[in-house]
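Trainee:
There are 2 protein chains.
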Amino acid sequence: MLVVVFQPGKALPGKGSAVAEIQKFLQNSFSLEGLSSDLAEQLSSLARPMKVAAGTILFENGDPGNGCYAVLEGSMKVSILSIEGDEQLLAVLGPGDLVGELALLDGRPRSATVSALKAAQLAFIDKAAFERFADENPAVYRHMLSIVGKRLRQANDVLAARSFLPLPGRVAQTLLQLSETFGKPLDDGRVLIHYKLSQADIANMAGAARENVSRVLNDWKRAGIISRISGYYCLEQPEWLKQAAAL
Amino acid sequence: MLVVVFQPGKALPGKGSAVAEIQKFLQNSFSLEGLSSDLAEQLSSLARPMKVAAGTILFENGDPGNGCYAVLEGSMKVSILSIEGDEQLLAVLGPGDLVGELALLDGRPRSATVSALKAAQLAFIDKAAFERFADENPAVYRHMLSIVGKRLRQANDVLAARSFLPLPGRVAQTLLQLSETFGKPLDDGRVLIHYKLSQADIANMAGAARENVSRVLNDWKRAGIISRISGYYCLEQPEWLKQAAAL
DNA sequence: TCAAGTTTGTGACTCACATCACGTGCATAT
DNA sequence: ATATGCACGTGATGTGAGTCACAAACTTGA
Numbered sequence: 154m155l156v157v158v159f160q161p162g163k164a165l166p167g168k169g170s171a172v173a174e175i176q177k178f179l180q181n182s183f184s185l186e187g188l189s190s191d192l193a194e195q196l197s198s199l200a201r202p203m204k205v206a207a208g209t210i211l212f213e214n215g216d217p218g219n220g221c222y223a224v225l226e227g228s229m230k231v232s233i234l235s236i237e238g239d240e241q242l243l244a245v246l247g248p249g250d251l252v253g254e255l256a257l258l259d260g261r262p263r264s265a266t267v268s269a270l271k272a273a274q275l276a277f278i279d280k281a282a283f284e285r286f287a288d289e290n291p292a293v294y295r296h297m298l299s300i301v302g303k304r305l306r307q308a309n310d311v312l313a314a315r316s317f318l319p320l321p322g323r324v325a326q327t328l329l330q331l332s333e334t335f336g337k338p339l340d341d342g343r344v345l346i347h348y349k350l351s352q353a354d355i356a357n358m359a360g361a362a363r364e365n366v367s368r369v370l371n372d373w374k375r376a377g378i379i380s381r382i383s384g385y386y387c388l389e390q391p392e393w394l395k396q397a398a399a400l
Numbered sequence: 154m155l156v157v158v159f160q161p162g163k164a165l166p167g168k169g170s171a172v173a174e175i176q177k178f179l180q181n182s183f184s185l186e187g188l189s190s191d192l193a194e195q196l197s198s199l200a201r202p203m204k205v206a207a208g209t210i211l212f213e214n215g216d217p218g219n220g221c222y223a224v225l226e227g228s229m230k231v232s233i234l235s236i237e238g239d240e241q242l243l244a245v246l247g248p249g250d251l252v253g254e255l256a257l258l259d260g261r262p263r264s265a266t267v268s269a270l271k272a273a274q275l276a277f278i279d280k281a282a283f284e285r286f287a288d289e290n291p292a293v294y295r296h297m298l299s300i301v302g303k304r305l306r307q308a309n310d311v312l313a314a315r316s317f318l319p320l321p322g323r324v325a326q327t328l329l330q331l332s333e334t335f336g337k338p339l340d341d342g343r344v345l346i347h348y349k350l351s352q353a354d355i356a357n358m359a360g361a362a363r364e365n366v367s368r369v370l371n372d373w374k375r376a377g378i379i380s381r382i383s384g385y386y387c388l389e390q391p392e393w394l395k396q397a398a399a400l
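If you want it as structure tokens, here you go:
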């Protein structure tokens, strides 16, 4: 199973330049934001660059976890699959996000399946190396803790939405969540979700049937709450959506 | 709001003995299991003992978080409330569990409401003090990380159940989860959930209407899958339930 | 030990949402 | 251009589970 992790990846051509690239990236990355730059630099030297093609499964639920990945480019999806093949999308992650970080924390197997939505470039950080490094730099631990904390909060939010909100509310929440990762602000507070999303994806995040998501989305489009700009969804009235997603 | 946190608590009578009690507890507590005993001891000296009466709200969603609590005795419930007053129970925690730990990680406000189900005895650990201590003892951070990791895994499991399992499956999952915290093993692998639970509690955890939980529970009782022993639920066939809760 | 409250069991009704079943548009390959 | 395939839109239909409404069975405490 170890193989699975490395099999899809390929080392980048020039090692030196790759490290530089990773460093440059990590320094302004979201996931390492707040970490002093020398720490980020040191950490990046532990990372092993790799590329995955769109659709590649990075690891699956139940695999042993031996490290985590930073997303440098492209996007990954984190999901849970049911026996019947239904999918619950937990998150779509883009550049700057960390994925598979749970494995660094306890030694337990992967709790979800992660695959590449688009071809992606990653930096793999080995568990042992990470621990060695972090033990000497508690700031790294603190930082990690805040990332995991955020994930936990988000998970709770989603669960709350699933418990309390009717379908439209959940769709609203999903759009807002996506806008946090992929949103580009336009004029007036309008937000463009700069990412190719199928209705099926949204449905899998919101935990709803695709058909019904379609209905909701069209109602909103007709009401001017959202629009589509050359294939991308655009939130015309984010405030309205926030209202709809309020518990 | 700060007041809220301290108002319901009362310092224990003899400080010396209280500290000893906390120490003794923390050493075999679940939440600090795996931490070397001298660290646990030092940590316990940072804790401030307090008692809360049944029903007391320790803190509410949105309150600023200034520290976390270890449950020494009694039990607490962690829940999210909707506007309409509906409740989604996230967890019921007993002796040895840590509650409110998210506040230690990032500085954000409380993400859930915690209240005492039964009168409880707690140990409060201040955020600043904790950080000071943990910075010098990275093992504490690592330990913390594994606790939060477990929470996150659990949250994902619940979300998955909500997405994929029909009502009976969710009830099964809930019972199994409760048996993890409060279960006493009997002969044959039967497990007694040694805790007074109302159907309403179970329903709030499973995210279902109380009436339907009642129906499911009775079906199972009739089928010999569970039973009630002097008011406590007893899992006669945990394996069957695990099957029912499988995704 | 009796009354007042709370928790439970069960039937009947309702409804939000999933499912089914197509039609339509727009891609990419042939 | 034309076929083959996806992503989308929309009605019709079915159903799991929520809601309502009580009666029965327990706690509790005065």
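Residue numbers (this note's numbering), protein chains in the order written: chain Z, 154 to 400; chain S, 154 to 400. The beta carbon of each residue, even a glycine, is placed where N, CA and C say it ideally should be.
Just checking, does the stretch 281-297 of chain Z make contact with the stretch 326-341 of chain S on the three C-beta pairs under 8 Å criterion?
Mentor: No, the stretch 281-297 of chain Z is not in contact with the stretch 326-341 of chain S.
Trainee: Can you tell me whether Z/Ala287 is helix, strand or coil according to DSSP?
Mentor: It is helical.
Trainee: Please report the distance separating the alpha-carbon of Z/Lys349 from that of Z/Gly384.
Mentor: Cα-Cα distance, rounded: 7 Å.
Trainee: Could you check if Z/Pro319 is buried or exposed, using at least 16 other CB atoms within 10 Å of its CB as the buried criterion?
Mentor: Answer is exposed; the Cβ neighbour count stays below 16.
Trainee: May I ask you to report which of helix, strand or coil DSSP gives Z/Lys337?
Mentor: Reduced to three states, the DSSP call for Z/Lys337 is strand.
Trainee: My output table needs one value for Z/Ser197: the three-state DSSP class, helix, strand or coil.
Mentor: Helix at Z/Ser197.
Trainee: Report the neighbours of S/Asp279 on chain Z: residues whose CB is nearer than 9 Å to its CB, in chain order.
Mentor: Chain Z residues near S/Asp279: none, gap ~16 Å exceeds 9 Å.
Trainee: My assumption, with CB atoms under 8 Å, is that Z/Ala207 sits in contact with Z/Ala272. Please give the rounded CB distance.
Mentor: That pair is a contact at about 5 Å.
Trainee: So with Cβ pairs under 8 Å, would you call Z/Ala313 a contact of chain S?
Mentor: True, the Cβ-Cβ gap to chain S drops below 8 Å.
Trainee: Quick check on S/Ile355: buried or exposed, where buried means 16 or more other Cβ atoms within 10 Å of its Cβ?
Mentor: Buried is the call here.
Trainee: According to DSSP, simplified to helix, strand and coil, what is Z/Lys303?
Mentor: Three-state DSSP puts Z/Lys303 in a helix.
Trainee: In chain S, which residues lie less than 8 Å from Z/Arg304 when you measure between Cβ atoms?
Mentor: Near Z/Arg304 (Cβ distances below 8 Å), the residues of chain S are Leu305.
Trainee: Consult DSSP for S/Tyr294 and reduce its assignment to one of helix, strand or coil.
Mentor: The answer is helix: DSSP assigns S/Tyr294 an H, G or I state.
Trainee: As an exercise, report each continuous alpha helix (DSSP H) stretch of at least 4 residues that is fully enclosed by the stretch 224-266 of chain S, in chain order.
Mentor: For the stretch 224-266 of chain S, whole alpha helix (DSSP H) runs of length 4 or above, ordered along the chain, are 255-258.
Trainee: Which first and last residues belong to the beta strand (DSSP E) in which S/Arg381 is found?
Mentor: S/Arg381 -> beta strand (DSSP E) spans Ile379 to Ile382.
Trainee: Between S/Ile382, S/Gly302, S/Leu242 and S/Pro262, which lies nearest to S/Cys221 when the distance is taken from Cα to Cα?
Mentor: Considering only alpha carbons, the answer is S/Pro262.
Trainee: So with CB distances below 8 Å, who are the chain Z contacts of S/Val301?
Mentor: Per Cβ cutoff of 8 Å: Leu258, Leu298, Val301, Gly302 and Leu305.
Trainee: Going by beta carbon distance, what residues of the same chain come within less than 7 Å of Z/Ile236, once the five residues before and after it are set aside?
Mentor: Result list for Z/Ile236: empty, nothing under 7 Å.
Trainee: Determine, for Z/Asn219, whether the minimum Cβ-Cβ distance to residues of chain S falls below 8 Å.
Mentor: Not an interface residue.
Trainee: Grab me the residues of Z/Pro321's own chain with a C-beta within less than 7 Å of its C-beta, minus the 5 sequence neighbours each way, in chain order.
Mentor: Val369 and Ala397.
Trainee: Verify the CB distance criterion: does S/Arg363 have a CB-CB separation below 8 Å to chain Z?
Mentor: It does not; no Cβ of chain Z falls within 8 Å.
Trainee: Looking at chain Z, is there any beta carbon in it that lies within less than 8 Å of the beta carbon of S/Phe317?
Mentor: Output row for S/Phe317: interface = yes.
Trainee: Using a Cβ-Cβ cut-off of 6 Å (strictly less than) and excluding sequence neighbours within five positions of Z/Leu298, which residues of its own chain qualify?
Mentor: Nothing meets the Cβ criterion.
Trainee: Which whole-angstrom value describes the C-beta separation of S/Val301 and Z/Leu305, a residue pair presumed to lie in contact below a C-beta threshold of 8 Å?
Mentor: Right, their Cβ atoms sit about 6 Å apart.
Trainee: Please tell me whether S/Val267 and S/Gly247 are closer than 8 Å, where the distance is taken between their beta carbons.
Mentor: No, these two residues do not count as a Cβ contact at 8 Å.
Trainee: Quick one: give me the first and last residue of the beta strand (DSSP E) that Z/Leu388 is part of.
Mentor: Run containing Z/Leu388: Tyr385 to Leu388, per the beta strand (DSSP E) assignment.
Trainee: Taking the beta carbon of S/Arg381 as the centre, do at least 16 other beta carbons fall within 10 Å, making it buried, or is it exposed?
Mentor: Looking at its Cβ environment, which holds fewer than 16 other Cβ atoms inside 10 Å, S/Arg381 is exposed.
Trainee: I'd like to know whether the C-beta of S/Val157 is nearer than 8 Å to at least one C-beta of chain Z.
Mentor: Note on S/Val157: pLDDT 30, under 50, position unreliable in the model; the coordinate value appears next. Not one chain Z Cβ lies under 8 Å of S/Val157.
Trainee: Can you tell me which of S/Gln241, S/Ile210, S/Glu364 and S/Gly215 puts its alpha carbon nearest to the alpha carbon of S/Ser228?
Mentor: Nearest of S/Gln241, S/Ile210, S/Glu364 and S/Gly215 to S/Ser228, Cα basis: S/Ile210.
Trainee: Under a CB-based cut-off of 8 Å, is S/Pro338 close to chain Z?
Mentor: So, not an interface residue.
Trainee: Just to confirm, is the Cβ distance from Z/Lys374 to Z/Gln274 under 8 Å?
Mentor: No. Outside cutoff.
Trainee: Assign Z/Gly162 to one of three DSSP states: helix, strand, or coil.
Mentor: No answer about Z/Gly162 holds up, because its pLDDT of 32 lies below 50 and its placement is not dependable.
Trainee: Under the rule that 16 or more other beta-carbon atoms within 10 Å means buried, what is S/Gly336, buried or exposed?
Mentor: Result: buried.
Trainee: With DSSP collapsed to three states, give me the class of Z/Gly322.
Mentor: Residue state, collapsed to three classes: helix.
Trainee: Determine the closest residue to S/Asp310 out of S/Thr327, S/Leu225, S/Tyr294 and S/Arg201, with distance taken between C-alpha atoms.
Mentor: Nearest option by C-alpha distance: S/Thr327.
Trainee: Exposed or buried, which one is Z/Ser316 when buried takes at least 16 other CB atoms within 10 Å?
Mentor: Z/Ser316 comes out buried.
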